[in-house]
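Asker: If you scroll down you'll find the structure; I have some questions about it.
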Amino acid sequence: MRYANYHLAHFIARPNRFIAICDLNHERIHVHVKNTGRNKEILQPQRQVALVKSDNLNRKTQYDLVAAKVGTRWINIDSQAPNHVAYESIKNGGIQLPGISTEAITTLRPEVTFEDARFDIFGATASQPFFVELKGVTLANGALAAFPDAPTARATKHVQTLIRAQQAGYQAYLCFIVQLPDVTAMTIYRQRDPALYAAVLMAQQHGVHLLAYQCAVTPGSLMVTQPVVIDLQRQFTEVP
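Per full-length UniProt numbering, the very first residue in the sequence shown carries number 1; after that it's consecutive.
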């Protein structure tokens, strides 16, 4: 996916989860942060960030903060982006779902409800319906990425519902979209969210497929590139 009308700026501060203060062309402006996660290791003062200008003139903030440069690599933090890139990549074969041939998919729809959860993607072949739940990954230490960056009861609930969908005859997938390049493996940050870690292990035992894909990131784009190994035994340590 590509962002139209993006601008480079510098991050100054984040007074709350939704708003950041940035320096754009030597002017301090308030922008909307398209990610309610902590992102404390990403959004540091004076880091270069990418802002996308909104076409909605009635908004309180004119810009969305969608990416930041950490060291030599850009990290996309747009929480809506994984859904967009994954949907298109499943459709065009860039993401391969185990047990499902891309050519055999007859139905692919976003945001479909099952029981008490709304999964990101529903699809079907002539003989097999399936659900895909997507999680964006922005936390990394070197070549190891991890999810989540903050405890998330919502993600645990989604995983538990995926297990029930699998038991009901759907093929269930938990797909992590790593929103940064140069990653060779990812894991669940078990110290950060032990309940999620336990749920993911249980899901794997019940036949839910786990998969992860990394992305090429620029200030104005996010593109799925290749699969990443999921190693649930790897311990993750944040960058000091």
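Note that the Cβ used here is the ideal one computed from N, Cα and C, for glycine as well.
Determine, using beta-carbon pairs with one atom in the stretch 168–185 and one in the stretch 119–138, whether at least three such pairs fall under 8 Å.
Answerer: Touching, yes.
Asker: Runs of 3 residues minimum, wholly inside the stretch 113–180: which ones carry the beta strand (DSSP E) assignment?
Answerer: You should have 117–124, 129–137, 139–141, 144–147, 171–178.
Asker: What is the C-beta distance between VAL137 and ALA145, in whole angstroms, given that I count them as a contact (C-beta under 8 Å)?
Answerer: With a Cβ gap of about 5 Å, VAL137 and ALA145 count as contacting.
Asker: Report the three-state DSSP secondary structure of GLN191 (helix, strand or coil).
Answerer: Looking at GLN191 - three-state DSSP - the assignment turns out to be coil, as it is neither helix nor strand.
Asker: Count the other C-beta atoms from every protein chain shown that fall within 10 angstroms of the C-beta of ARG192, then say buried if there are 16 or more, exposed otherwise.
Answerer: Buried, by the Cβ-count rule.
Asker: Along the chain, where does the beta strand (DSSP E) that runs through SER221 open and close?
Answerer: Its beta strand (DSSP E) spans residues 221–230.
Asker: If you run the structure through DSSP and keep just helix, strand and coil, what is PRO82?
Answerer: In the structure shown, PRO82 sits in a helix (DSSP, three-state: H, G or I).
Asker: Over the uninterrupted beta strand (DSSP E) stretch that includes ALA104, give me the two end residues.
Answerer: Counting along the chain, ALA104 falls outside any beta strand (DSSP E), and DSSP gives it neither H nor E.
Asker: Is it true that the stretch 150–167 meets the stretch 66–79, where meeting means three or more beta-carbon pairs spaced less than 8 Å apart?
Answerer: Contact between the stretch 150–167 and the stretch 66–79 is absent, because fewer than three Cβ pairs lie under 8 Å.
Asker: With DSSP as the reference, please indicate the residues paired to ASP182 in a beta bridge.
Answerer: DSSP output for ASP182 lists no bridge partner at all.
Asker: Please report the Cβ distance between THR22 and LEU57, rounded to the nearest whole angstrom; I am assuming they are in contact, meaning their Cβ atoms lie under 8 Å.
Answerer: First, the amino acid is wrong: residue 22 is Cys here, not Thr. Not really, about 20 Å apart at Cβ, beyond 8 Å.
Asker: Who are the near neighbours of ALA155 in its chain, counting only those whose CB is closer than 7 Å to its CB and skipping five residues on each side?
Answerer: Result list for ALA155: LYS135, PRO148, LEU196, in chain order.
Asker: Buried or exposed: ARG14, going by 16 or more other Cβ atoms within 10 Å of its Cβ?
Answerer: Flag for ARG14 reads buried.
Asker: Distance check for LYS34 and ARG59, CA to CA, integer angstroms please.
Answerer: Using only the alpha carbons, I get a separation of about 14 Å.
Asker: To the nearest angstrom, how far is the alpha carbon of VAL85 from that of GLN62?
Answerer: Distance between the alpha carbons of VAL85 and GLN62 is about 24 Å.
Asker: Tell me whether the beta-carbon of residue 309 lies closer than 8 Å to the beta-carbon of TRP74.
Answerer: The shown model of the chain, from 1 to 240, leaves out residue 309, and the question about it has no answer.
Asker: Suppose contacts are defined by Cβ-Cβ distances below 8 Å. Is THR102 in contact with GLY93 by that definition?
Answerer: The answer is yes: Cβ separation under 8 Å.
Asker: Out of ARG2, VAL208, LEU210, VAL228, which has the shortest C-alpha to C-alpha gap to GLU88?
Answerer: Cα-wise, what sits closest to GLU88 is ARG2.
Asker: So, at 8 Å on beta carbons, what are the nonlocal neighbours of ASN141 in its own chain, with the 5 sequence-adjacent residues on each side left out?
Answerer: So the qualifying residues of the chain are PHE236, THR237, GLU238, VAL239.
Asker: Where DSSP assigns a beta bridge to LYS69, which residues make up the other side?
Answerer: Beta-bridge pairing links LYS69 to TRP74.
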